[in-house]
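For the sequence shown, counting from 1, position 45 maps to 45 in this note's numbering; every step adds exactly one.
A virtual CB, placed ideally from N, CA and C, is assigned to each residue, including glycine.
Fair warning: this is a prediction, and the values are worked out from it, not measured in the lab.
Here's the structure we're looking at; comments come further down.
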Amino acid sequence: MGGGSMRTVATICVVAGLLAGCSTPAAEEGPSTPPGTTVPTVVPGVMPNLAGLQWSDVKPLLRKLGRVNVTTKEVPVNDAEQKSRIVSQDPAAGAHLEPGAKIVLTFGT
């Protein structure tokens with residue numbers, strides 16, 4: 001299976017909202033956002049700040065972005081509050097997103 005096919009599958013998953021079939025980090029129990037965390041407003045074509053959010057909070061935001069290609073990574077973290085939360089994102093918040101843009105979200109484990 002070529003690289004183009006994989007990108008298409010990931011894009012279709014996000015657009016259709018069928019993220020259950022895509023690989024996602026496990027969510028922790030309890031409230032999904034830490035106290036004091038604001039869930040960003042999404043402007044189509046502009047990358048929101050997703051730092052500190054869990055996958056369950058990010059899924060609806062990604063749907064609002066439209067057709068994007070999302071890849072997730074995991075990195076070990078020492079702070080228990082960062083586990084299962086986004087610790088970095090690429091592109092950065094505020095960046096312009098073209099249709100089919102590649103987004104990399106790194107979650108703490």
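Helix, strand or coil at residue i [DSSP, three-state]
i          : result
residue 84 : coil
residue 46 : strand
residue 79 : coil
residue 28 : Its pLDDT being 49, under 50, residue 28 is placed unreliably by the model, and nothing is read from it.
Rounded Cβ spacing between residue i and residue j (contact assumed at less than 8 angstroms)
i           : j          : result
residue 102 : residue 69 : 5 angstroms
residue 71  : residue 88 : With 8 angstroms as the limit, residue 71 and residue 88 do not qualify as a contact, their Cβ atoms being about 12 angstroms apart.
Test item: CB-CB of residue i and residue j under 8 angstroms
i          : j           : result
residue 47 : residue 94  : yes
residue 81 : residue 109 : no
residue 53 : residue 97  : no
residue 77 : residue 90  : no
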